[in-house]
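In the numbering used here, the protein residues as written are 4 to 521.
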């Protein structure tokens with residue numbers, strides 16, 4: 004049995020469902036979900052969508068093909084009519100259940116997030132902050148709580164003056180009030196003294212350091228550190244701008260495009276600085292600090308994978324950790340290729356080229372695990388040879404440079420990156436890119452490009468049935484939704500199907516969808 008978590012964005016709720024994947028299809032899973040959320044129409048069961056790992060599951064697919072594990076999350080996408088029926092079903096179950104905060108069944112659990120019970124400490128705190136309803140005291144009640152007022156109320160009573168305990172009680176009450184005020188005054192003084200002591204302890208090291216710096220300003224100016232001198236000597240030969248040769252027929256080969264490859268994908272600005280710096284030198288690849296390697300090992304990464312990631316990341320620990328998080332170096336073949344490339348400088352150029360081609364093939368398989376199986380080794384070699392149209396003196400550095408770009412692409416996993424490496428997109432997708440780029444420009448005026456494309460070329464021009472479905476859905480969008488889809492495809496490298504999924508998960512509100520992507 005596998006325990007699955009089914010989530011729906013609007014209304015927000017989750018289903019914990021146990022199912023045996025053997026010989027079960029996606030349609031069987033849909034039927035089990037429909038039973039829990041009150042969907043009775045067979046047509047509705049067939050048409051709503053399930054998304055797992057960014058892919059829409061088809062009805063005839065087997066569940067065991069997806070390698071589902073316990074607590075795997077599957078997104079649940081339905082139409083507006085079905086969503087209203089689910090909301091009504093959830094409200095009915097919540098009102099009819101003796102415990103509306105937790106609706107239990109034998110094998111599943113539907114718990115709307117807004118009704119989930121908090122932990123015990125939070126419940127106690129909420130009970131303390133919001134006690135049961137108590138009527139506020141009236142002004143006469145407040146006045147009677149004051150001892151002098153109490154005495155005035157009791158004075159007319161003849162028993163009050165005859166009781167020997169009343170005067171002593173009044174005197175004791177006044178003494179307790181005086182003691183309470185004294186304790187409060189002492190407490191405030193102690194708090195003030197404590198805060199002053201904490202401030203003195205906090206600023207003492209900085210004051211001592213400032214005094215030392217004031218005493219020795221000349222020595223610090225006249226004696227630069229040894230590390231600074233070494234850095235100046237190391238980067239002195241590379242102060243001239245590095246401009247590798249670029250083919251006129253292939254503008255993307257050779258030097259990278261920072262605005263396309265880095266700035267629009269949410270990566271740190273450090274990457275753009277590396278490639279656009281006048282002191283940039285591709286031969287620095289393979290160099291790293293041993294302290295950075297030990298830091299990655301301390302964070303739990305494999306030492307071999309961390310070393311190879313630092314080699315391809317110019318020794319930058321942030322970029323290396325990005326590669327490691329994406330699982331690029333979990334492939335043993337990539338580790339072998341990188342080690343051959345950097346540990347054997349005596350290899351001839353032909354052998355190094357062969358290693359790079361093999362590494363390129365491994366990276367392509369990671370970047371496109373299921374979409375480009377038809378890309379054969381011959382096609383990879385053809386793209387590789389076309390990409391290396393550079394001068395002989397920069398051949399070695401250019402191969403290493405583009406290898407780093409390929410690792411970037413493998414970590415991003417998109418169909419719209421580095422078109423010089425992957426130019427196999429369908430014609431109807433490639434023809435849309437210039438139009439979508441113009442839509443992303445500020446103050447641009449545009450219509451619906453997908454609707455215009457279908458009207459101009461016809462549905463037969465879109466050969467993939469899934470793409471045709473996505474084009475038809477996109478052709479019904481309004482202006483802001485079209486702008487969101489264009490930005491996803493052009494600026495973030497997200498395919499149209501995924502962009503529609505993000506828009507649907509945000510309730511078809513572009514603003515909410517953008518917030519979810521951030």
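Where a beta carbon is used, it is the ideal one built from N, C-alpha and C, also for glycine. Note that the coordinates shown come from a computational prediction; the quantities given were computed from them, not determined experimentally.
Continuous alpha helix (DSSP H) stretch holding residue i: start and end
i, result
"residue 54", "Taken as a continuous stretch (DSSP letters only), residue 54 belongs to no alpha helix (DSSP H), being part of the beta strand (DSSP E) at 52–55."
"residue 35", "29–40"
"residue 440", "435–442"
"residue 454", "452–460"
"residue 346", "335–346"
"residue 293", "293–301"
"residue 332", "From DSSP, residue 332 is part of no alpha helix (DSSP H); its letter is neither H nor E."
"residue 484", "482–493"
Coil, strand or helix - residue i by DSSP
i, result
"residue 71", "coil"
"residue 19", "strand"
"residue 465", "coil"
"residue 10", "strand"
"residue 5", "strand"
"residue 475", "helix"
"residue 323", "helix"
"residue 58", "strand"
"residue 529", "What the structure shows of the chain is the stretch from 4 to 521, and residue 529 is not part of that stretch, so it cannot be assessed."
"residue 449", "coil"
"residue 358", "helix"
"residue 500", "helix"
"residue 83", "helix"
"residue 407", "Because residue 407 sits at a pLDDT of 45, beneath the cut-off of 50, its placement in the model cannot be relied upon, and the following sentence gives the value as read from the coordinates. Reduced to three states, the DSSP call for residue 407 is helix."
Rounded Cβ spacing between residue i and residue j (contact assumed at less than 8 Å)
i, j, result
"residue 309", "residue 325", "Not quite, the Cβ-Cβ distance comes to about 12 Å (not below 8 Å), so this is no contact."
"residue 442", "residue 449", "5 Å"
"residue 471", "residue 483", "Not a contact, Cβ separation roughly 24 Å."
"residue 493", "residue 439", "5 Å"
"residue 71", "residue 5", "5 Å"
"residue 19", "residue 8", "6 Å"
"residue 42", "residue 80", "That belief does not hold up - the Cβ atoms of residue 42 and residue 80 are roughly 13 Å apart, past 8 Å."
"residue 506", "residue 487", "6 Å"
"residue 499", "residue 473", "5 Å"
"residue 467", "residue 429", "7 Å"
Alpha carbon of residue i to alpha carbon of residue j, nearest angstrom
i, j, result
"residue 3", "residue 66", "Here the chain has residues from 4 to 521 only, and residue 3 is not among them."
"residue 357", "residue 365", "13 Å"
"residue 387", "residue 445", "Because residue 387 sits at a pLDDT of 46, beneath the cut-off of 50, its placement in the model cannot be relied upon, and the following sentence gives the value as read from the coordinates. Cα-Cα distance, rounded: 36 Å."
"residue 351", "residue 362", "17 Å"
"residue 341", "residue 330", "15 Å"
"residue 76", "residue 464", "36 Å"
"residue 305", "residue 55", "28 Å"
"residue 307", "residue 321", "17 Å"
"residue 174", "residue 188", "22 Å"
"residue 346", "residue 294", "20 Å"
"residue 542", "residue 518", "The structure shown has nothing for residue 542, since the chain only spans 4 to 521."
"residue 193", "residue 212", "29 Å"
"residue 208", "residue 297", "30 Å"
"residue 91", "residue 39", "13 Å"
"residue 348", "residue 355", "9 Å"
"residue 53", "residue 292", "46 Å"
"residue 82", "residue 50", "9 Å"
"residue 200", "residue 206", "10 Å"
"residue 301", "residue 203", "35 Å"
"residue 68", "residue 29", "10 Å"
"residue 469", "residue 344", "41 Å"
"residue 433", "residue 455", "15 Å"
"residue 316", "residue 290", "9 Å"
Residue i beta carbon near the ligand HEM (any heavy atom closer than 7 Å)
i, result
"residue 290", "The ligand HEM is absent from the structure shown, which contains no ligand whatsoever."
Next on the checklist: Suppose only complete runs of 3+ residues qualify. What are the beta strand (DSSP E) ranges in the stretch 179–217, listed by chain order?
Outcome noted: If you keep only unbroken beta strand (DSSP E) runs of at least 3 residues inside the stretch 179–217, you get nothing at all.
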